[in-house]
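Heads up: the sequence shown begins at 2 in our numbering, then just goes up one per residue.
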Amino acid sequence: MFWLAIAVGGALGAVARFALSHQTYLWLGKEFAWGTLAVNVIGSFFMGLLTILLINKFAVSPEWKALIIVGFLGSFTTFSTFSYESLQFIQTGEWAKAALNIFVSVMACLIAVGIGLWVGKQFLVE
């Protein structure tokens, strides 16, 4: 049952990632890796928040934790796409875009997971 939970979460996360990324590119264009940045920052925030909620606030089974954290969020965020897009910028000589993508992605995701943890600790845990 544990493996099935991860598979279901992964399938849902992949669809959600595609939908959000696709919509972000429609809104902001494809000149920069906006879609990947959006899913990684949002996913990082929810990784922090849901980790606190599922561990400290709600009595959630290990299968549900696996579905949400490992399956859904693991599939929703996409380090491999971030890496590919950064390399594409480098290969096309767009060094400033590559550096910006790497710096902003890493820093924004670290900040987002930290904020998610903080929000969970401050407002959602008794």
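Each residue gets a CB set at the ideal place from its N, CA and C atoms; glycine is no exception.
Taken through DSSP and simplified to helix, strand or coil, residue 61 comes out as coil. The DSSP-derived three-state label of residue 79 is coil. Close CB contacts of residue 102 within its chain, under the 8 Å cut and outside five residues either way in sequence, are with 33, 34, 38, 83, 86, 87, 90 (chain order). Residue nearest to residue 79 within the set 22, 10, 69 is 22 (criterion: CA-CA distance). Taking residue 113 as reference, the option from 50, 76, 18, 3 with the minimal CA-CA separation is 50. For residue 24, the enclosing alpha helix (DSSP H) starts and ends at 3-29.
The shortest CA-to-CA distance from residue 4 to any of 29, 66, 27 is the one to 66. Relative to the Cα of residue 119, the nearest Cα in the group 76, 15, 99, 57 belongs to 57.
By the Cβ test, the stretch 69-77 is in contact with the stretch 9-29, since at least three Cβ pairs between them sit closer than 8 Å. Membership of residue 56 in any alpha helix (DSSP H) is not indicated, and neither H nor E is assigned to it by DSSP. For residue 118, the uninterrupted alpha helix (DSSP H) run begins and ends at 96-120, by DSSP. Setting aside the 5 residues that flank it on each side, residue 44 is surrounded in the same chain by 74, 77, 78, each with a C-beta closer than 6 Å to its C-beta; the list follows chain order.
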